[in-house]
Amino acid sequence: MMRLSVCVDALFRKEDFAQSVRRIKAVGCDAIEFWSWWDKDLDQVESAVKETGVTIAAFCTKFISLVDAAQREDYLEGLQASITVAKRLNCQQLITQVGPELEGVPRAIQRKSLIEGLKACVPLLEQAGMTLLVEPLNTLIDHRGYFLSSSAEAFDIIKQVNNPHVRVLYDIYHQQIMEGNLLTTIKANMQWIGHFHAAGVPGRRELSSGELAYDRIFQAIAEAGFNGAVGLEYFPEHEAEAGLEQVRRLEAFSNHR
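264 is the number of the first residue of the sequence shown in our numbering; add one for each residue after it.
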């Protein structure tokens, strides 16, 4: 069953983590995610999760380049540290970015490093029973210079890695900016997608803002058989609870209350 996950670091920026989780739970959302773990009080995170009963859908591994082969060992060390934290927090998915494009290095060489790096992650992921989520980002507005922006390239990379522990994080906000054609792309590649992110376009505000019909998008994702988490990763213009309530009323989620 598809469920909502709320990104604490985005919707509740600079607010107390435990209190933010309580607010999320009070609205009726039962899963959270966040970006970095290394700058958080993990005792507080663990306590807040136990107190509220929410689950952690995902968080990020260390931001170390996968396209730079010289950083491979550092990346794997960061992944192992992240896996250790994920086990402690009963989280089964880790989000990874791939790093900025390297100047003066052919793109094919960087892509080869990315694929080989992900393959090197597989034994760690298999042993831990975890999934690594590779995230394409938009390079037009938010992440200029980032290596991976095309969903088609991301899916092709995942196919070459060819392991169920490595999947794509399909960020609807980023891909609408880069290429559109969301529903067709999602339906054709659902087997390679492990997680979704959502935000209003343009502006990265509430889902009710902007040009996207999220009610139809979420229905299509549910109809395609996705039973993972949809992460809400936007910067609220209004009170966070109001936006969360709006999303929970959408048909794809209201049917599962």
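C-beta: ideal position from N, C-alpha, C; glycine also.
The model shown is predicted, which means the values in this text are computed figures rather than measured ones.
Contact check, residue i vs residue j under 8 angstroms by CB: the rounded distance?
i	j	result
SER376	VAL330	5 angstroms
LEU522	PHE516	In this structure the chain extends from 264 to 520, so residue 522 is not present and cannot be described.
LEU507	VAL269	7 angstroms
ILE449	ALA503	The Cβ separation is near 26 angstroms, so there is no contact.
MET453	PHE489	6 angstroms
CYS354	PHE326	The pair is not a contact, with the Cβ atoms about 18 angstroms apart (cut-off 8 angstroms).
ILE421	VAL397	7 angstroms
List the endpoints of the continuous alpha helix (DSSP H) containing residue i.
i	result
PHE481	477-486
GLU314	305-315
GLN438	435-441
THR402	It is not in any alpha helix (DSSP H) - THR402 carries neither H nor E in the DSSP assignment.
SER283	280-290
GLN343	335-351
So the candidates are the options; which of them puts its Cα closest to the Cα of residue i?
i	options	result
GLU500	SER268, MET264 and LEU274	LEU274
ILE378	GLY392, GLN360 and ASP304	GLN360
GLN307	ALA289, GLN282, GLY341 and THR318	GLN282
VAL348	ALA332, ASN426 and TRP301	TRP301
GLY473	LEU446, PHE280, GLY408 and ILE435	ILE435
LEU364	TYR409, ASP293 and ILE358	Note that residue 364 is Glu in the sequence shown, not Leu. Checking every option, the nearest Cα to that of GLU364 belongs to TYR409.
GLU442	ASN425, ALA487 and LEU411	LEU411
GLN438	ASN426, GLN423, GLY463 and VAL429	GLY463
ARG479	ARG512, PRO465, CYS292 and ALA294	ARG512
Between which two residues does the beta strand (DSSP E) containing residue i stretch?
i	result
ARG276	Segment: none, ARG276 is in no beta strand (DSSP E) and carries neither H nor E.
GLU500	First-last for GLU500: undefined, no H or E at that position.
LEU267	266-270
GLN373	Per DSSP, GLN373 belongs to no beta strand (DSSP E); it is in the alpha helix (DSSP H), 370-391.
With burial defined as no fewer than 16 other Cβ atoms inside 10 Å of the residue's Cβ, what is the status of residue i: buried or exposed?
i	result
MET265	buried
Using a Cβ distance threshold of 8 angstroms, determine whether the region 446-461 contacts the region 481-496, with at least three qualifying pairs required.
They touch, by the three-pair rule.
May I ask you to verify whether the region 382-391 touches the region 312-320, counting CB pairs closer than 8 angstroms and requiring at least 3?
The region 382-391 vs the region 312-320: no contact.
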